[in-house]
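Report on the structure given below.
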Amino acid sequence: MAVVNRTLDASEQRKVAGIKSGVVATGLTLPVVFADQPLTIQAAQAAFFGISGSPVYLLTCQRFINGSGATVFEVGTTFAARAFGTSGLLPSGISLPATGSSLLNLVSGDVLMVSTFGSNAAVSGLALSVVLLPTQDIRTYFGLV
Amino acid sequence: MGIINRAKDITDKHEGMPFAFANLSFSNGETGVLAYVPFPCNLRDANIATFSVVGSINLILTVNRFIVGAGFTSYTVGSTFALRSFGTSGVFASGLSLPAFGSTLLQLMPNDVIGYLVAGGSTASCSGIAGNIILTKTQDVTRYFGGVT
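Residue numbers (our numbering), protein chains in the order written: chain V, 38 to 182; chain W, 785 to 933.
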């Protein structure tokens, strides 16, 4: 419950997190979001600057469950970088699973990552934002607070 | 559209300050920055995930504060913690160790900078760090950087 005895409008419940980085070479895996509470990924968008070659990116989620260890799963499909100065942003944002997919559900402690692929490819600057929707009425942070 | 004449539920007064860095290296005594505080708040919790850790290293949270006339101060918050590999150990079960709730060390002012100090261990590096610092605003009417309401 966001406001005492009131529910926030859906558009006010969302929050944005992401990564801003300088040079990103191919083969890297960068942390983007550390989920502090249960969240659903609603949208993601990226801007690329100074592209060399044809770098390709993929969102993944790393999850650690005590007793069963770490797992990694892909979120959406690969997407190619496009120069912000030439083509702007991705027209439909980063391609994500359809709304309702369990792949979009993050639990507290998950880390959303972005991996880069492509030979001899890099960008001089990357800004990636993810729109997240908390799923709890009464929020708990890291399952504690 | 904001909300006027309503108080937010306590769980919604918290605000996460996420940070994510790639390809960090650490050496003893080195400092780094994690978050910039825009409003008066209490530090409620923090946690961190580290990937591809090489070596072993201990960090401690710090608060850097500059007051005009008095100058710069820096103090440590909580106790040291060792970076642990996410793929092996996940994140800290109870978050980072912070002072007891109510400690003045947890009270932050606008323009404070939360950082870290490498407080021991061997030279180390990691491919990525992602963390989140949970802050609770202390003002009913929040002022950003002391001026903007």
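For glycine and all other residues, C-beta sits at the position ideal for the given N, C-alpha and C.
Alpha carbon of V/Arg51 to alpha carbon of W/Val838, nearest angstrom = 36 Å
W/Ser881 touches chain V at which residues, Cβ-Cβ below 9 Å?
-> By Cβ distance, chain V contributes nothing, its closest Cβ being about 12 Å from W/Ser881, past 9 Å.
Work out the CA separation of W/Asp829 and W/Gly848 for me, nearest whole Å.
-> Per the sequence shown, residue 848 of chain W should be read as Asn rather than Gly. Going by the C-alpha atoms only, they are around 18 Å apart.
When you check each C-beta in the region 123 to 137 of chain V against every C-beta of chain W, which residues fall closer than 7 Å?
-> none
For the region 863 to 907 of chain W, which segments carrying the alpha helix (DSSP H) assignment without a break, of at least 4 residues, lie completely within its bounds, in sequence order?
-> 870 to 873
Could you tell me which of W/Tyr820, W/Ile917, W/Val897, W/Arg927 sits nearest to W/His798, measuring between CA atoms?
-> W/Ile917
Residues sharing a beta bridge with V/Phe71, DSSP = V/Val148
Please list the partners that V/Phe43 has in chain W, where partner means a Cβ-to-Cβ separation under 7 Å.
-> The sequence as given places Arg at residue 43 of chain V; Phe does not occur at that position. Simply Arg790.
At a Cβ threshold of 9 Å, is V/Gln74 touching chain W?
-> yes
Given a limit of 7 Å on CB to CB distance, which residues of the region 829 to 851 of chain W reach chain V?
-> Asp829, Asn831, Ala833, Phe835
Taking Cβ-Cβ distances shorter than 9 Å, what residues in chain W pair up with V/Ala54?
-> Gly800, Pro802, Ala804, Asn916
Kindly identify the DSSP beta-bridge partner or partners of W/Phe805.
-> W/Ile913
For W/Leu919 and W/Leu880, believed in contact at Cβ under 8 Å, the rounded distance = So it is not a contact: roughly 14 Å between Cβ atoms.
What's the gap between the Cα of W/Ser863 and the Cα of W/Leu882?
-> 7 Å
What residues are listed by DSSP as bridge partners for W/Gly930?
-> Looking at the DSSP assignment, W/Gly930 forms no beta bridge with any residue, so it has no partner.
Identity of the residue in V/Leu163, V/Thr108, V/Thr97, V/Val167 nearest V/Ser152 by Cα | V/Thr97
Between the region 82 to 97 of chain V and the region 795 to 812 of chain W, do at least 3 Cβ pairs fall closer than 8 Å?
-> no
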